[in-house]
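Step one of this worksheet: look at the structure below.
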Amino acid sequence: MSIFQTVRGTHDQLPDVFRDHKRVTDTARDISARYGFREMTPPVFEFTQVFSRTMGETSDVVTKEMYTFADRSGEEQISLRPEFTAGICRAFASNALYDQAPFKAFATGPLFRYERPQKGRQRQFHQIDMEILGVPGTAADIEVLAVGQHILEELGVAADVTLKLNSLGDPESRAAYREKLIAYLQPFRAELSADSRERLHRNPLRVFDSKSERDQEIVADAPLLKDHLNDTSKAFFDEVCKGLTRLDIAFTLDPGLVRGLDYYTHTAFEFVTETLGAQGAVIAGGRYDGLIEQLGGRPTPGIGWAGGVERLAMMAGEAPAAQRPVALIPLGAAADAFTQVLARDLRKAGYVVELGYSGNMKRRLNRANKVGAAVAVIIGDDELAKDVATVRDMDSGEQREEPVAALVEFLAPYR
RNA sequence: GUGGCUGUAGCUCAGUUGGUUAGAGCGCCUGGUUGUGGUCCAGGAGGUCGGGGGUUCAAAUCCCCUCAGCCACCCCA
């Protein structure tokens, strides 16, 4: 181990990478604001139970992926957040925001999961997250999917992403179906893969997304959840589909789409892509009507999704460069002093200003070139004596002298 | 947690059956230009060959362990 190594699965976000990520988060923030989402954030760590109770004691995330530790008092079990939903719902209940429904939250920041890193998967990663709490009807489902679609379009990646949709039904439908499915699978128990046997009672729906060929053969004739939805669940899902169609949001039904977390009900969805390798989900989520109650809050419906910032940034590619700066190049002590004031004035007028601090003229111009300056303003003793500045266009190489008093206006085209 | 591939300069990579002082391109620095970048020319700096151990007269090269990355399983954002 070298101290210069980052911990496995963590990465420095150097300026170029940060800029690409920032485009994703900025886009999500701007677009979601148009839909009435307000940014907030729960703490980066919470009592472990916040996650274990909601995501499911037996879920993969809780059983093997959480960073859990005792705090210094030795009395509290703490976990680094592996997702946003549980924390936001806890915040909603903690602060008794029931009368603020519909409560629409946008959040972004780091999440932590102890997993083997690979493309699109790291131990510290970042998400954008949308949640609507307190809306029982399909309007929330439709709106939450609409923001997601809108953000993907705005990032220019929508063409490579498809929306997969399924209904997990209400608790009543799900419980009834669960019994039927177990009854169907039971006779095949010995033939199922080890993983699927595990899931048989814990979460039998998960057998559907097994990659084992034999499992898939068995499951091919299994009863389908969609055929066992009660009327309410069917009507609910139907309304969501209609709403999406109305908004020209394309989707494909995927009866095998089962999410790994226990709290989902009704609508479940994933925006997936083929372009990122095995980790194809860029945005995923669903409805979780029982979650806040499970936390000990008042029954409150909710729906939301999370999107992977790294994954979306990979798809969106390099973000456009920032505004090109004006480079100020003082030569001599008098010019240094003068230029500091000029830099302040230009910055207050909205210019991005790079001050060339050190080295000879050549060095400073070189630096101006590297930071992508559109124009360099050279001020030495000659210029000071005449009350002018030498203004050099860095693209054309042309330069001319301008009165310093007129600089702020003269540079306007470079702002 | 399991399997496969990879790790040589800041970056991308070459390095023959183990054999002198480990190379290239890009980047960086200096000079050609006393106050002119980006182009061009000349020169230069920079390497614990991921780390540790072993085999050998000799290891970047072979063996073992370990760390990290990538790819897949698993799972998911």
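Just add 172 to wherever you are in the first sequence, counting from 1, and you've got our numbering.
Ideal placement from N, C-alpha and C gives every residue a C-beta, glycine not left out.
Predicted model, so just to flag it, every value in this text is computed and none were measured.
At what residues does the beta strand (DSSP E) containing Gly458 begin and finish? 453 to 459
With H, G and I counted as helix, E and B as strand and the rest as coil, what does DSSP make of Ala548?
strand
Suppose contacts are defined by Cβ-Cβ distances below 8 Å. Is Phe223 in contact with Met238 by that definition? yes
**Asked** So, Leu503 versus Gly552, is the Cβ gap smaller than 8 Å?
**Response** yes
Quick one: grab the DSSP three-state call for Asn338.
strand
* Cβ-based neighbour list, Arg539, same chain, cut-off 8 Å, excluding 5 preceding and 5 following -> Ala499, Glu526, Gly528, Gly531
Supposed close pair Leu283, Gln299 - CB separation, criterion 8 Å = 6 Å
Residues bridged to Asp565 by DSSP? Val547
Item checked: Host alpha helix (DSSP H) of His298 (start-end) -> Careful: His298 lies outside any alpha helix (DSSP H), inside the beta strand (DSSP E) at 296 to 305.
Original post:
If Phe219 sits next to Gln249, beta carbons under 8 Å apart, how far is it from one beta carbon to the other, in whole angstroms?
Top reply: 7 Å
On a Cα-Cα basis, can you pick out the residue from Tyr435, Phe176, Leu429, Gly281 that is closest to Pro343?
Tyr435
Comparing C-alpha positions only, which one of Asp232, Asp202, Arg206, Ile175 sits nearest to Arg431? Asp232
Best match in Thr562, Leu337, Glu287 for proximity to Cys413 [C-alpha to C-alpha]
Leu337
Exercise. Determine the burial state of Ala561: buried for a count of at least 16 other Cβ atoms within 10 Å of its Cβ, exposed for fewer.
Key: buried
**Prompt:** If you pair each beta-carbon of the segment 305 to 324 with each one of the segment 354 to 367, do three or more pairs fall below 8 Å?
**Reply:** no
Buried/exposed call for Glu442, threshold 16 Cβ in 10 Å: buried
Hey, which unbroken runs of the beta strand (DSSP E) at 3 residues or more fall wholly within the segment 183 to 231? 217 to 219
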